Every structure is written in structure tokens, then in C-alpha cells.
DNA sequence: TTATTAGTTGCAATATTGTGCAACTATGCA
DNA sequence: TGCATAGTTGCACAATATTGCAACTAATAA
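Residue numbers (this note's numbering), protein chains in the order written: chain A, 3 to 110; chain B, 3 to 110.
Here is the structure:
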């Protein structure tokens, strides 16, 4: 496995490595959503949301369709949603480890 | 789905969003590896490798076992490896889109 | 004890990301 | 035309991440 492959994969992972962008992806699990529908769920400036959407588009994770004044997003590759099953497993394993460490005393 | 969940997931994704760390994860697909075995595959300083390993450990992605002077790493949750199937699909979709755009002329 | 190998940590420099504000473009409607 | 809604972009600044060097710790062997 060469360096460019790791780099290309890292670019996709980077696009997913942000809470705001994970929220967007999560909102798209049921199908298309307009950016304007995401706005109210998002505490930050619309320009910030726009840039997060641009990052997902650039990584090839979402595609856009314009309808009048609105832009609708959808997941290009819905398998993205399966990734979170494994991520949850990592978080659960971490939580169990935290409990074990707390019960046994010294973290080590 | 609340904000903390996205934040926790993003922390795991962030740990995977780096070419060097993806290389480490990839090397662990066959089982345990010593950090010293990864060193020669890695062009950068050993302190840099050490910090990448620490990031994976902190995210709960790898665990360590010391054997004498060496530290052996393994994947806590091997489902991580499945994530790359989907990431590859994203990259393939992107590649196909690039070809289409090139053939049709204007990218829209 | 001293030396060696393996790995970690403090520090400083640089690079990359995330953000808001203001000004912009694009579309549709009165 | 003028106005409203939806979204994007330039700019500056703040926050994080990545890196190497040098100095450190940990385990083991001479």
C-alpha cells in the first residue's frame, strides 16, 4: 500500500472528522435535504455551514441539486452511514475500558 | 442525535484522518506489530511516530502491550478495517465523476 | 555501573482548520 | 426594476495539528 492511497483515504476521513459535518451527514440518512433545512440545526453562521457543505462536496461525500433558490444535498455513497456502527463500537470499548480503570484503581 | 455524540464520533474519525495513522492501522491488519517495526516504513522522526501512536491510543483505536524494551500494538476494534471499503467506494465514485466531467467538457 | 535499544515528552516553529463579518452571486417574485 | 431568500467567497483572526530537535524515561544486557 503506497503513500498516495493513505493520503487519498485520509482526505475522505478528514471530511468526516468534524462534528458539524457529521451532523450534516446524519441529517442526510433519510434522503435529500435542503441546506436551508440544516441551517436551524446549526448554531453557527451560514457561511460556516456553507463551507462545511463545500468540504463534503469536495471529498465526494455529498452531491448537490439546485431547485430554484434552494440547494438539495444527498449522500453520494450511503455506505458512509455504516461507518458509524464501527465508530460506536470504538466508543463503547473506550467506555468499558474507562469503567475498568476506575474500578481497579490506578489507570495503568 | 445530540451534539456530544457528533463530537465523540468526530474524535474517533479525527484519529483516522491522517495518512501516517492510516498506515499504522493498515500495518496492524495482520495482527500485532512492534512500534519499532513501523519505524522503517515511516519517513519522519521517531517522536512524530510516537505521537501518532499516542493519538490512536487516546482515541481507543489501538492498545499496547510492552514486551521488554518493545511496545506491541494491536487494533482494539478490527471493524476499523471495514471502514476503508466504504472510503474506497467514495474514492471510486469521485474518480468516475472526474472522468465524466473531463469527457463532457464543462464541469457544469 | 555503563551502554544500548525503544519509546516519550517539552518546546518552538509551521501548517492547516474553523469561524464570523461583510460583501458578493443566483434565483424567483412583485 | 427592486426586493427577498438562499447560498458563496474574501478576509482576518483564533484554535488545532504536525513536525523535528534535544533531552528525557524504561528495560535489558555487558
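Just so you know, even glycine gets a beta-carbon here, dropped at the ideal spot from N, CA and C.
As the structure is a prediction and not an experimental result, all values here were calculated from the model.
Chain B contact for residue 8/A (CB, 8 Å cutoff): yes
Against chain B: residues of the region 11-42 of chain A by CB proximity under 7 Å: 11, 12, 14, 15, 16, 18, 19, 20, 21, 24, 25 and 28
Whole-Å CB distance - residue 62/B paired with residue 95/A, under 8 Å assumed: 6 Å
Bridge partner(s) assigned by DSSP for residue 65/A: Paired residue(s): 76/A.
Test item: CB-CB of residue 82/B and residue 27/B under 8 Å: yes
Contact with chain B by residue 50/A, beta-carbon distance below 8 Å: no
Alpha-carbon spacing of residue 67/B relative to residue 41/B, whole angstroms: 17 Å
Contacting residues, own chain, Cβ-Cβ under 6 Å from residue 74/A (five flanking each side not counted): Hits under 6 Å: 34, 36 and 67.
C-beta atoms of residue 80/A and residue 9/B nearer than 8 Å: no
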